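Read through the structure below, which is laid out as structure tokens, and then see the notes.
Number of protein chains: 2
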Amino acid sequence: MKIPPDLLPEGFRDRLPPQAEVAARVSRAMIDVLTSYGYARVAPAIAEFESALAERSGGAARNQHLRFTDPVSGHTLALRGDITVQVGRIATTRMQESPRPLRLCYHGQVLRLKAKQLRPERELTQLGAELIGNDSVAAACEIVGVAIDALEAAGVKDITIDFTLPDLVERLAEKALPLAPDKIDAVRSELDMKDAGGLSVLGADAYLPLLAATGPFDAAVEKLRAIDAGGALASRIQALESIAATVAGRANVTLDPTERHGFEYQSWFGFTIFAKGYSAALGRGGTYYIDRADGPSEAATGFSLYPDPLIDLAEESNVQRLFLPLGTDAATGAKLRSEGWVTVAALDENDSAAVLGCTHIWINGQAVTV
Amino acid sequence: MKIPPDLLPEGFRDRLPPQAEVAARVSRAMIDVLTSYGYARVAPAIAEFESALAERSGGAARNQHLRFTDPVSGHTLALRGDITVQVGRIATTRMQESPRPLRLCYHGQVLRLKAKQLRPERELTQLGAELIGNDSVAAACEIVGVAIDALEAAGVKDITIDFTLPDLVERLAEKALPLAPDKIDAVRSELDMKDAGGLSVLGADAYLPLLAATGPFDAAVEKLRAIDAGGALASRIQALESIAATVAGRANVTLDPTERHGFEYQSWFGFTIFAKGYSAALGRGGTYYIDRADGPSEAATGFSLYPDPLIDLAEESNVQRLFLPLGTDAATGAKLRSEGWVTVAALDENDSAAVLGCTHIWINGQAVTV
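Sequence order for the protein chains is A and B. Sequential numbering from 1 applies to the first sequence in full-length UniProt numbering. Sequential numbering from 1 applies to the second sequence in full-length UniProt numbering.
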């Protein structure tokens, strides 16, 4: 089959003007925010040894890599599917002697073996910040705040942060609402499906109130507090309230304490970011541990944003393009560009300001509206 | 074999701070220059159907792609090795109705099957501008000027532009210094090797003076002019002089009229960019044709820069990092960041300004030097 010249593989696409310019602008604005909070940029390699990447990725992610045999090394290489994992690798190897907390940020393309139903892209932009060496409430407050700042800088409005407690069931089972170890997974599954009947069948009626402790933060956290857990929840509730307080007035906060999807590797705190007008989540984050081959795992807190939907919906900025007629001298062009103009120079008599999308023409030393 | 956790495949590497920040700064500065000349950003997909990419790449490049079988489509996909080819595809398909000249620019990662001897990287940054629909002297002047501006914005000094005339032998053979068609390739090879003896053996003594017409532009172009080519060279020499004149005072210009390496697809004009302190070329460009499946090929002029060496050698900028002690309120931090400070907030009593690389501490409402 002859492939049409403009056809790209499923999940891949070109960005044309002005969308490609918007993409650059949005990413810059967000990265500038992360940098302003002291997060230093890292740029990990786009491919790694598949075995090493899979081992660090773990779980479902390990089979989600685009793989190829490298004719040079003879090894199987994988294209990265997540930059967070790479930042963890860098933090615990080449930067293991750097002082903690270590603040790192990144921006790049990630690739997926298969598209997800709600996200047809297999090449995605990922951008994020990781605070390595600290998973305290203070770290969580900073990370959530930086994520909101970054989205606001990209022009996102009406942000909602959905909090979760990824290890909630394990913690309750251990400290307050005993469960046989072989039932923990089953209870988690029923909670995932919000299946009250299923919980009862499992003899886990004590976990039923968790299903109701969801929704707008203040009401939901009260329901969580009402669960008699002998104090096992007190510190977690206090932590969530602290984080919610730092966000107050800047984003809506909701709580879904048993939400696990996408938080398989988070420790005590996780969050998902939504915004009005975007059907899918814009990003997520939380606290986690980075496994080290040569020592104890290291605590960290961070977030990842997937800004492609922002870019697709962002508005084009109004660029003023100034047409320079034939014969305009080079120094004039340079001066106008240094003043912030985008200049479009005529190359011959056929070039026309209007056809070339210019808003202005340089006539007699003045920028005249087309 | 167990792969060490910090080992990457040959030709791939991570950029750490501050080099990763330099990379972002250098690329931004260069892209901003291209944009200021009216080049609109495009962001082509990182992977394409291998057969389509190979067909458009042609020649040696077609076998230089990293390839993999896509489990989704069943097709072989290739990671791009050159963005110029992709821009040509976009210009002649989805943007074929856009007015000409069409100015497009790009910035992204390209991947190579094998490293080159002088360039061990297999993941490289490529950044460039293409002026599609025009390959005139005016177009060449603009493109060379934009390339110099971009490099200057990245802090590069002492730039040398080496001009070449990629179709020189064909032109001379056709119009002035007849050669049997089956000897053209042999003559080109001898010229490539600067082998005077080889030219004589081929009975191509008339081409010997080309070997001497190299070096600093003014002297070399005089030697080129002295070749009795019955006027076949006059327009080319005039064109080179026009381009050299626009560059005068901004870059050194040299001439190597028979240089072909890297110019297999250029038409009448090619150039390579060097700068003091960098052993390898920083980029190249020239005039060329974009083949179209559905019509005549289209003339274009452009350049590509490979800024990785710039990034590796660039100096770190002096960033002022301001430590915010515990208890600094959020509004103060926001105000300081809006003033241009990079702030680093203490998360607990153990955090120290000096250890975290801060230059200043916020004390009593003032930024005090550490």
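C-beta: ideal position from N, C-alpha, C; glycine also. None of the values given here were measured: they were computed from a predicted structure.
Going along the chain, which residues of the stretch 75-90 of chain B sit with their C-beta nearer than 9 Å to a C-beta in chain A?
75, 77, 79, 86, 89 and 90
Could you tell me which chain A residues have their CB closer than 8 Å to the CB of residue 52/B, listed as they occur along the chain?
Counted from its first residue, the second sequence places residue 52/B at position 52. The answer, in chain order, is 3, 5 and 7.
Say whether the stretch 134-148 of chain B touches the stretch 280-295 of chain B, bearing in mind that this needs 3 or more beta-carbon pairs closer than 8 Å, one atom from each stretch.
yes
Measure the Cβ-Cβ separation of residue 306/A and residue 282/A and say whether it is below 9 Å.
Residue mapping note: residue 306/A aligns to position 306 of the first sequence, counting from 1. Residue mapping note: residue 282/A aligns to position 282 of the first sequence, counting from 1. Yes, these two residues count as a Cβ contact at 9 Å.
Taking the alpha-carbon positions, what's the residue 35/A to residue 128/A distance?
Residue 35/A sits at position 35 when you count from the first residue of the first sequence. Residue 128/A sits at position 128 when you count from the first residue of the first sequence. Cα to Cα, residue 35/A sits roughly 11 Å from residue 128/A.
Which residue spans inside the stretch 240-316 of chain A form an unbroken beta strand (DSSP E) run of at least 3?
Counting only runs of 3 or more residues that sit fully inside the stretch 240-316 of chain A, the beta strand (DSSP E) segments are 252-255, 266-275, 283-292 and 295-305, in chain order.
Mind checking whether residue 65/A and residue 50/A have CB atoms under 9 Å apart?
For the purposes of this step, residue 65/A is taken as residue 65 along the first sequence, with counting starting at 1. For the purposes of this step, residue 50/A is taken as residue 50 along the first sequence, with counting starting at 1. In contact: residue 65/A and residue 50/A (Cβ atoms closer than 9 Å).
Quick one, are the C-beta atoms of residue 42/B and residue 20/A less than 9 Å apart?
On the second sequence, position 42 is the one that residue 42/B refers to. On the first sequence, position 20 is the one that residue 20/A refers to. In this structure, residue 20/A lies closer than 9 Å to residue 42/B by Cβ.
Per DSSP, cross-strand counterpart(s) of residue 128/A
As a position in the first sequence, residue 128/A is number 128, starting the count at 1. DSSP lists 106/A and 304/A as partners of residue 128/A.
Roughly how many whole angstroms lie between the Cα atoms of residue 225/A and residue 95/A?
For the purposes of this step, residue 225/A is taken as the residue at position 225 of the first sequence. For the purposes of this step, residue 95/A is taken as the residue at position 95 of the first sequence. Using only the alpha carbons, I get a separation of about 41 Å.
Once you ignore the five residues that flank residue 85/B on each side, which residues in its own chain have a CB closer than 6 Å to its CB?
Stepping through the second sequence from its first residue, residue 85/B is reached at position 85. Excluding positions up to five away in sequence, the list reads 56 and 57.
Collapsed DSSP secondary structure at residue 373/A in the structure displayed:
Within the shown structure, residues of chain A are numbered from 1 to 370, placing residue 373/A beyond reach of any answer.
Could you confirm whether any beta carbon from chain A is found closer than 9 Å to the beta carbon of residue 255/B?
Here the question's residue 255/B lines up with position 255 in the second sequence. No, because no Cβ of chain A sits closer than 9 Å to the Cβ of residue 255/B.
How far does the beta strand (DSSP E) with residue 355/B in it extend, from its first residue to its last?
One-based indexing of the second sequence puts residue 355/B at position 355. Element bounds for residue 355/B: n/a, residue is neither H nor E.
Chain A partners of residue 114/B, CB-CB under 8 Å?
Reading the second sequence from its first residue, position 114 is the one you call residue 114/B. The contacting residues are 71 and 72.
Residues near residue 216/B by beta carbon distance below 7 Å, same chain, minus five either side:
By one-based count along the second sequence, residue 216/B stands at place 216. The residues are 254.
Exposed or buried, residue 30/B, counting other C-beta atoms within 10 Å across all chains shown (16 or more means buried)?
Translated into positions along the second sequence, residue 30/B becomes position 30. Label assigned to residue 30/B: buried.
Does the beta carbon of residue 17/B come closer than 9 Å to any beta carbon on chain A?
In the second sequence, the residue the question calls residue 17/B occupies position 17. It does: the Cβ of residue 17/B has a partner Cβ on chain A nearer than 9 Å.
With which residues is residue 363/A paired in a DSSP beta bridge?
As a first step, residue 363/A is located in the first sequence; it is residue number 363 there, counting from the start. Per DSSP, 366/A.
Going by DSSP, name the residue or residues bridged to residue 163/A.
What you label residue 163/A is simply residue 163 of the first sequence in a count that begins at 1. In DSSP, residue 163/A forms a bridge with 255/A and 271/A.
Which residues of the stretch 255-278 of chain A have a Cβ closer than 8 Å to any Cβ of chain B? Give them in chain order.
none
In terms of DSSP beta bridges, what is residue 216/B paired with?
One-based indexing of the second sequence puts residue 216/B at position 216. According to DSSP, which records beta bridges pairwise, residue 216/B is partnered with 254/B.
At which residues does the beta strand (DSSP E) containing residue 48/A begin and terminate?
Counting from 1 along the first sequence, the entry for residue 48/A is found at position 48. That run of the beta strand (DSSP E) goes 47-49.
Alpha carbon to alpha carbon, how far is residue 93/A from residue 117/A?
For the purposes of this step, residue 93/A is identified with residue 93 of the first sequence, where counting begins at 1. For the purposes of this step, residue 117/A is identified with residue 117 of the first sequence, where counting begins at 1. So the two alpha carbons sit approximately 36 Å from each other.
Determine whether the Cβ of residue 296/B lies closer than 9 Å to any Cβ atom of chain A.
Start at 1 with the first residue of the second sequence, and residue 296/B comes out as number 296. No, residue 296/B does not count as interfacial toward chain A.
How many Å lie between residue 357/A and residue 356/B at the Cα?
As a working note, residue 357/A is residue 357 in the first sequence. As a working note, residue 356/B is residue 356 in the second sequence. Rounded to whole angstroms, residue 357/A and residue 356/B show a C-alpha spacing of 49 Å.
For a cutoff of 9 Å on Cβ pairs, would you count residue 187/A as touching chain B?
For the purposes of this step, residue 187/A is taken as the residue at position 187 of the first sequence. Residue 187/A does not count as touching chain B.
Three-state secondary structure (DSSP) of residue 393/A
Past the edges of chain A, shown from 1 to 370, lies residue 393/A, and the structure says nothing about it.
Using beta carbons (cut-off 9 Å, strictly below), is residue 355/A in contact with chain B?
On the first sequence, residue 355/A is found 355 positions in, with the first residue counted as 1. For residue 355/A, the answer is yes, since a Cβ of chain B falls inside 9 Å of its Cβ.
Inter-residue spacing [alpha-carbon to alpha-carbon] between residue 142/A and residue 101/A
Counting from 1 along the first sequence, the entry for residue 142/A is found at position 142. Counting from 1 along the first sequence, the entry for residue 101/A is found at position 101. If you take the alpha carbons of residue 142/A and residue 101/A, they lie about 12 Å apart.
Residue 40/B by DSSP, collapsed to three states: which one?
Taking the second sequence and counting its residues from 1, one reaches residue 40/B at position 40. Reduced to three states, the DSSP call for residue 40/B is strand.
With a threshold of 8 Å (Cβ to nearest heavy atom), would residue 346/B be considered close to the ligand ATP?
No copy of the ligand ATP occurs in the structure displayed, which carries no ligand at all.
What residues are listed by DSSP as bridge partners for residue 323/A?
By 1-based counting over the first sequence, the position of residue 323/A is 323. 344/A and 361/A.
Is the stretch 322-333 of chain B touching the stretch 167-180 of chain B in the sense that three or more CB pairs, one from each, lie closer than 8 Å?
no
Residues of chain A with a CB under 7 Å from the CB of residue 134/B: which are they?
Taking the second sequence and counting its residues from 1, the one referred to as residue 134/B is at position 134. Residues of chain A passing the Cβ test: 347.
Kindly list the residues whose CB is nearer than 6 Å to the CB of residue 244/A, restricted to its own chain and excluding five residues on each side of it in sequence; keep chain order.
As a first step, residue 244/A is located in the first sequence; it is residue number 244 there, counting from the start. The answer, listed in chain order, is 217 and 253.
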